[in-house]
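Residue numbers (the numbering used here): 437 to 843. In what follows, a single structure is set out as structure tokens and then discussed.
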Amino acid sequence: MIVVDKNKCIGCGLCAKACSFGAIEMRDKLPTVLDTCVFCEECVKACPVQALKNDSVSAKKQDFSEYAGIWAVMEINHERGQLQKVSLELLSEAKRLADILGEQVSAVLLCRDIPEDFEQNVANVGCDIVYIVKNDLLERYDTELYTSAVCELAKQYKPAGILFPATENGRDLAPRVSCRLQVGLTADCTALDIDEQRNLVQIRPTYGGNIMASIISPDHRPQLASVRPNVLLVNPLKTPADTQFVCVDMELDAESSKAKFVKAVEKEGVFRDVGEAEIVISGGYGIGSAENFRILQKLAVKMDAAVGATRKAVDEGWAPFDIQVGQTGKTVAPELYIACGISGALQHTIGIKNAKHIISINTDPAAPIFTMSDVAIMGDAVQVLSRLCDKVEKYGRDSLLTTGGAK
Numbered sequence: 437m438i439v440v441d442k443n444k445c446i447g448c449g450l451c452a453k454a455c456s457f458g459a460i461e462m463r464d465k466l467p468t469v470l471d472t473c474v475f476c477e478e479c480v481k482a483c484p485v486q487a488l489k490n491d492s493v494s495a496k497k498q499d500f501s502e503y504a505g506i507w508a509v510m511e512i513n514h515e516r517g518q519l520q521k522v523s524l525e526l527l528s529e530a531k532r533l534a535d536i537l538g539e540q541v542s543a544v545l546l547c548r549d550i551p552e553d554f555e556q557n558v559a560n561v562g563c564d565i566v567y568i569v570k571n572d573l574l575e576r577y578d579t580e581l582y583t584s585a586v587c588e589l590a591k592q593y594k595p596a597g598i599l600f601p602a603t604e605n606g607r608d609l610a611p612r613v614s615c616r617l618q619v620g621l622t623a624d625c626t627a628l629d630i631d632e633q634r635n636l637v638q639i640r641p642t643y644g645g646n647i648m649a650s651i652i653s654p655d656h657r658p659q660l661a662s663v664r665p666n667v668l669l670v671n672p673l674k675t676p677a678d679t680q681f682v683c684v685d686m687e688l689d690a691e692s693s694k695a696k697f698v699k700a701v702e703k704e705g706v707f708r709d710v711g712e713a714e715i716v717i718s719g720g721y722g723i724g725s726a727e728n729f730r731i732l733q734k735l736a737v738k739m740d741a742a743v744g745a746t747r748k749a750v751d752e753g754w755a756p757f758d759i760q761v762g763q764t765g766k767t768v769a770p771e772l773y774i775a776c777g778i779s780g781a782l783q784h785t786i787g788i789k790n791a792k793h794i795i796s797i798n799t800d801p802a803a804p805i806f807t808m809s810d811v812a813i814m815g816d817a818v819q820v821l822s823r824l825c826d827k828v829e830k831y832g833r834d835s836l837l838t839t840g841g842a843k
């Protein structure tokens with residue numbers, strides 16, 4: 437905790453002004469540290485008389501010599517028996533980070549059945565070790581069982597860092613592992629790096645996506661981060677790695693599970709997962725209304741596409757939050773992205789930078805979205821969407837999937 441030496445303090449208030457979190461209040465000309473303090477030590481640096489110091493246990497230098505390597509937690513689509521694409525994205529990034537450290541990269545697989553082509557897929561991205569926990573109880577994701585398994589592995593093998601997918605399951609699992617291991621977690625990262633002190637630098641948007649924060653956990657191991665799907669690239673090696681597969685026997689308590697699986701219903705239609713779709717049609721504020729947004733949905737149905745939306749469209753109530761695309765929503769990497777009535781603010785375009793092809797429709801010839809589009813259509817988005825619907829209905833969806841058909 438941050439402590440104040442009352443004998444040294446001169447009551448200048450510079451510490452309170454330096455705190456970005458409003459965690460210091462001046463009372464009777466003395467600083468009072470509130471519970472919202474995050475121990476960033478900006479107040480300590482700002483004090484001209486060294487009257488503040490971080491007296492927490494975390495401030496003391498720890499010995500991390502036992503901790504090594506970067507792990508990536510794999511995620512399986514249990515209905516299809518396939519490894520989720522984000523798993524290989526994480527593993528490929530973990531390989532890059534481990535190479536910087538000169539350490540090994542490992543994957544963690546919790547399952548009943550090993551996914552098809554799993555061994556070849558992980559070898560192709562350079563995985564050194566795979567820790568496999570096979571158990572009938574792990575047939576589907578379960579909060580308590582998966583948390584217990586990851587924590588036991590971490591305690592036994594001591595990785596320096598663990599990467600989780602920022603999916604529905606990953607966002608449930610990562611904070612529980614963090615709490616049980618008593619270490620920090622940076623959620624929804626968009627980039628990662630290693631600093632000069634060999635810390636994992638976790639980069640994510642903050643303050644509503646207006647700034648990018650670089651976060652480190654210098655006083656705890658392992659370092660935990662979850663990463664959004666589709667923000668990282670899979671980088672296959674020319675020569676696959678000689679991966680070692682380690683099967684770990686682990687006793688899991690079925691009674692510890694607080695949930696009972698009933699059935700799985702995969703979301704279908706235009707409001708399915710935009711992160712996994714091959715074609716995404718997104719609407720922005722330029723669509724104009726919820727009624728006009730339904731025209732966009734009509735085209736999506738005809739093209740077997742998923743619907744996306746900008747933050748502004750979601751804020752207006754035209755679309756649900758779970759299809760929001762951008763810095764504060766989901767990142768997508770479809771074969772085709774159609775941007776309708778979207779100007780192209782940085783907060784949105786950062787979420788579509790890995791799209792293979794982009795078609796944009798906007799009335800503004802200076803719209804930033806045009807600079808990153810393969811095909812730019814200057815016109816009213818609603819009118820163009822209506823014409824595209826007629827075209828697809830008459831000639832089929834493939835009429836839009838060629839350069840000639842898109843113009």
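Ideal Cβ placement from N, Cα and C applies to all residues, glycine included. Keep in mind the model is a prediction, meaning the values are calculated, not measured.
How is the alpha helix (DSSP H) around Lys-489 delimited, first residue to last?
-> As a position in the sequence shown, residue 489 is number 53, starting the count at 1. Note, Lys-489: premise wrong, no alpha helix (DSSP H); beta strand (DSSP E) at 488-490.
For Ser-494, three-class secondary structure by DSSP | Within the sequence shown, the letter at position 58 stands for residue 494. Because Ser-494 sits at a pLDDT of 47, beneath the cut-off of 50, its placement in the model cannot be relied upon, and the following sentence gives the value as read from the coordinates. In the structure shown, Ser-494 sits in a helix (DSSP, three-state: H, G or I).
Would you mind reading off the limits of the beta strand (DSSP E) that contains Met-814?
-> As a first step, residue 814 is located in the sequence shown; it is residue number 378 there, counting from the start. That run of the beta strand (DSSP E) goes 811-814.
Which residues in the same chain as Glu-771 place their Cβ atom closer than 6 Å to its Cβ, once the five residues preceding and following it in sequence are excluded?
-> As a first step, residue 771 is located in the sequence shown; it is residue number 335 there, counting from the start. Once the five neighbours on either side are set aside, the close Cβ partners of Glu-771 are Glu-714, Lys-792.
Please determine, among Gly-765, Ile-795, Tyr-582, Lys-591, the residue with the shortest C-alpha to C-alpha distance to Asp-709.
-> By 1-based counting over the sequence shown, the position of residue 709 is 273. It is Gly-765.
Ser-692 to Leu-609 span [Cα, whole Å] | As a first step, residue 692 must be located in the sequence shown, where it is residue number 256. As a first step, residue 609 must be located in the sequence shown, where it is residue number 173. Cα-Cα distance, rounded: 15 Å.
In terms of alpha-carbon separation, which member of Ile-788, Glu-752, Ile-565, Lys-789 lies closest to Ile-723?
-> As a working mapping, residue 723 is identified with position 287 in the sequence shown. The candidate whose alpha carbon is nearest that of Ile-723 is Glu-752.
Using the rule of at least 16 other Cβ atoms within 10 Å of the residue's Cβ for burial, across every protein chain shown, is Gln-819 buried or exposed?
-> For this step, residue 819 is matched to residue 383 along the sequence shown. The residue is exposed, with fewer than 16 neighbouring Cβ atoms inside 10 Å.
What residue range is occupied by the uninterrupted beta strand (DSSP E) comprising Thr-626?
-> Indexing the sequence shown from 1 puts residue 626 at position 190. It is not in any beta strand (DSSP E) - Thr-626 carries neither H nor E in the DSSP assignment.
Locate the alpha helix (DSSP H) running through Phe-757, then write down its first and last residues.
-> As a position in the sequence shown, residue 757 is number 321, starting the count at 1. No alpha helix (DSSP H) contains Phe-757, which DSSP labels as neither H nor E.
Would you kindly work out how many angstroms separate the C-alpha atoms of Pro-756 and Gly-458, rounded to a whole number?
-> Numbered from 1 along the sequence shown, position 320 holds the residue referred to as residue 756. Numbered from 1 along the sequence shown, position 22 holds the residue referred to as residue 458. Pro-756 and Gly-458: Cα-Cα distance of roughly 33 Å.
What first and last residue would you give for the alpha helix (DSSP H) that runs through Ser-725?
-> As a working mapping, residue 725 is identified with position 289 in the sequence shown. No alpha helix (DSSP H) contains Ser-725, which DSSP labels as neither H nor E.
Apart from the five residues just before and just after Glu-552, which ones in its own chain have a Cβ nearer than 7 Å to its Cβ?
-> Locating residue 552 in the sequence shown gives position 116, counting from the first residue. Correct list, in chain order: Gly-517, Gln-518.
DSSP state of Asn-513 mapped onto helix, strand, coil = On the sequence shown, residue 513 is found 77 positions in, with the first residue counted as 1. Strand at Asn-513.
Validate contact between the segment 525-544 and the segment 553-565 using beta carbons, cut 8 Å, 3 pairs | yes
If we count the other Cβ atoms within 10 Å of its Cβ and call it buried at 16 or more, is Lys-465 buried or exposed?
-> Locating residue 465 in the sequence shown gives position 29, counting from the first residue. Result: exposed.
Buried versus exposed, by CB contacts within 10 Å (16 or more), Thr-839 = Along the sequence shown, one-based indexing puts residue 839 at 403. Annotation note: pLDDT 46 at Thr-839 (below 50); position unreliable, coordinate value reported separately. Label assigned to Thr-839: exposed.
Rounded C-alpha distance that separates Asp-678 from Val-474 | On the sequence shown, position 242 is the one that residue 678 refers to. On the sequence shown, position 38 is the one that residue 474 refers to. Using only the alpha carbons, I get a separation of about 43 Å.
Using beta-carbon positions only, say whether Leu-599 and Glu-529 come within less than 8 Å of one another.
-> Counting from one through the sequence shown, the residue named residue 599 turns up at place 163. Counting from one through the sequence shown, the residue named residue 529 turns up at place 93. Yes; because the gap between Cβ atoms is below 8 Å, this pair is in contact.
Who does Gln-783 pair with in a DSSP beta bridge?
-> Locating residue 783 in the sequence shown gives position 347, counting from the first residue. None; Gln-783 has no bridge partner.
Beta-carbon proximity list for Ser-809, same chain, < 7 Å, skipping 5 on both sides | Here the question's residue 809 lines up with position 373 in the sequence shown. These residues qualify, in order along the chain: Ile-794, Ile-795, Ser-796.
Span separating the alpha-carbon of Gly-449 from that of Asp-629 | For the purposes of this step, residue 449 is taken as residue 13 along the sequence shown, with counting starting at 1. For the purposes of this step, residue 629 is taken as residue 193 along the sequence shown, with counting starting at 1. Straight-line Cα distance between these residues: approximately 36 Å.
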